[in-house]
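K.L.:
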Amino acid sequence: MTCGTRQTAAGWIALAALLALAAWALPAASARAELDPGIIINEVLADPATDWNGDGAVDAKNDEWIEVRNIDTVPIDLSDYWLRDSSGDTPDLRLSGVLDPGEHAVFYGSDSAAWQTANGLVAAGFALNNTGDLVQLLRTIPGTDPRQLELMFAVSIYDHAAEDDRSCGFDLDHIEWLLFDAMFPYPGAQEPVGTGCVPSPGAENLCGGEVATEAASFGQVKATYR
Ligand SMILES: [Ca+2]
Ligand SMILES: [Ca+2]
Ligand SMILES: [Ca+2]
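If you count the sequence shown from 1, position 70 lands on 62 in our numbering, and the numbers rise without skipping.
1) So the alpha helix (DSSP H) Ser104 belongs to, where does it begin and stop?
2) Among all the DSSP beta bridges, which residues are the ones paired with Thr132?
3) Let's test the definition: count the other Cβ atoms within 10 Å of the Cβ of Asp103 and tell me whether it reaches 16, buried, or not, exposed.
4) Pick out every residue whose C-beta is nearer than 6 angstroms to a heavy atom of ligand 2: which are they, in chain order?
5) Buried or exposed: which applies to Thr65, given that a residue is buried once 16 or more other Cβ atoms fall within 10 Å of its Cβ?
6) Tell me, to the nearest whole angstrom, how far the beta carbon of Asp157 is from that of Pro40; I am working on the premise that it is less than 8 angstroms.
7) In its own chain, which residues sit with a C-beta less than 6 angstroms from the C-beta of Ile133, not counting the 5 before and 5 after it?
8) Can you tell which of Asp163, Ser88, Asp72, Pro67 has the C-alpha that lies nearest to the C-alpha of Leu130?
9) According to DSSP, simplified to helix, strand and coil, what is Ser78?
10) Three or more C-beta pairs under 8 angstroms: does that hold for the segment 86 to 95 against the segment 177 to 189?
11) Inspect the beta-carbon positions of Asn34 and Gly161 and report whether they are closer than 9 angstroms.
12) Spell out the partners DSSP gives Ser267 in its beta bridges.
13) Give the straight-line distance between the Cα atoms of Thr42 and Arg76, rounded to the nearest whole angstrom.
14) Looking at Val50 and ligand 1, is the gap between the Cβ and the nearest heavy atom below 8 angstroms?
15) Excluding the 5 residues flanking Glu26 on each side, which residues of the same chain have their C-beta closer than 7 angstroms to its C-beta?
16) Is Leu120 near Val36, with beta carbons less than 9 angstroms apart?
17) Anything with a beta carbon under 5 angstroms from a heavy atom of ligand 3 counts; list them all in chain order.
18) Is the distance from the Cβ of Ala116 to the Cβ of Gln128 below 9 angstroms?
19) Assuming Val60 is part of the beta strand (DSSP E), what are its boundary residues?
20) Applying the 10 Å Cβ sphere with the 16-neighbour rule, what's the burial state of Gly219?
21) Which residues mark the beginning and the end of the beta strand (DSSP E) in which Cys160 is found?
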């Protein structure tokens, strides 16, 4: 990597604490073993200043987005997965579609609001805080009725990363947590520091001269709601 720095300790501590909490809440060791996620949160844009969802309007709620990626070797049904931020226990969106290995899917605040409306919830969208937030990916625990969810993955979005059209995301190896700030450069020293790289909803997080190994997959996952 030629840009960015390693995820700060604070971020991983937050993640570790959450996973520990999730593990504590799980009923059986067998369920804990499944915490190796096939789907990860790959990139997040919390403070949009652009019409990212393409509906013709720039909207603080509807144009937020969260990108997920399949890092497994088999296709994964996204309908087992849910997204939420740090406020409340209720998920903000049930994902949909099937992701092939290495593929990305991006979900917008408008997707979240539509799903919430369809399910009798307040259409608040993801409501990602512009002062920082914790974005969480949950998965349905198989065989639970009523349905129970387990926390699979979480990422911290810091205050300086939640500013006009800056996104945060992993490098291609899912190790470094980078700031994609080409549209609103971050001059500060707080990690993740600025890279000058561009946000990439639905596509690989290229930065520092990396070469794409797959075509962009905008809209590849059809937005269907239960
Ligand atoms: Ca829009
Ligand atoms: Ca926001
Ligand atoms: Ca991306």
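Beta carbons: idealized from backbone N, C-alpha and C, even for Gly.
P.N.:
Let me spell this out:
1) Locating residue 104 in the sequence shown gives position 112, where the first residue counts as 1. 101 to 110 is the extent of the alpha helix (DSSP H) around Ser104.
2) Counting from one through the sequence shown, the residue named residue 132 turns up at place 140. In the DSSP output, where bridge partners are listed per residue, Thr132 has Leu141.
3) By 1-based counting over the sequence shown, the position of residue 103 is 111. Result: buried.
4) Ala38, Asp39, Ala52, Glu56, Leu120, Asn122
5) In the sequence shown, counting from the first residue as 1, residue 65 sits at position 73. Answer is exposed; the Cβ neighbour count stays below 16.
6) The residue labelled residue 157 in the question sits at position 165 within the sequence shown. The residue labelled residue 40 in the question sits at position 48 within the sequence shown. Right, the Cβ-Cβ distance comes to about 6 angstroms (below 8 angstroms), so this counts as a contact.
7) Counted from its first residue, the sequence shown places residue 133 at position 141. Around Ile133: Gln140, Glu142.
8) Taking the sequence shown and counting its residues from 1, one reaches residue 130 at position 138. Selected option, being the one with the closest Cα: Asp72.
9) As a working mapping, residue 78 is identified with position 86 in the sequence shown. Coil.
10) no
11) Here residue 34 is taken as the residue at index 42 of the sequence shown, counted from 1. Here residue 161 is taken as the residue at index 169 of the sequence shown, counted from 1. Closer than 9 angstroms, so yes.
12) Past the boundaries of the shown model lies residue 267; the chain is included only from -7 to 218, so the question cannot be answered.
13) As a working mapping, residue 42 is identified with position 50 in the sequence shown. As a working mapping, residue 76 is identified with position 84 in the sequence shown. If you take the alpha carbons of Thr42 and Arg76, they lie about 22 angstroms apart.
14) Taking the first residue of the sequence shown as position 1, residue 50 is located at position 58. Correct: Val50 has its Cβ closer than 8 angstroms to ligand 1.
15) For the purposes of this step, residue 26 is taken as the residue at position 34 of the sequence shown. A caution first: Glu26 carries a pLDDT of 40, below 50, which makes its placement in the model unreliable, though a value can still be read off. Cβ within range, chain order: n/a, list empty.
16) On the sequence shown, position 128 is the one that residue 120 refers to. On the sequence shown, position 44 is the one that residue 36 refers to. For Leu120 and Val36, yes; Cβs fall inside 9 angstroms.
17) Glu35, Glu59, Ser192, Asn197
18) Position 124 of the sequence shown, counted from the first residue, corresponds to residue 116. Position 136 of the sequence shown, counted from the first residue, corresponds to residue 128. No, they are not a contact pair.
19) Here residue 60 refers to the residue found at position 68 when the sequence shown is read from its first residue. Segment 57 to 62, the beta strand (DSSP E) holding Val60.
20) Given that the chain is displayed from residue -7 to residue 218, the structure contains no residue 219 and the question cannot be resolved.
21) To locate residue 160, count along the sequence shown from 1; it is residue 168. That run of the beta strand (DSSP E) goes 159 to 162.
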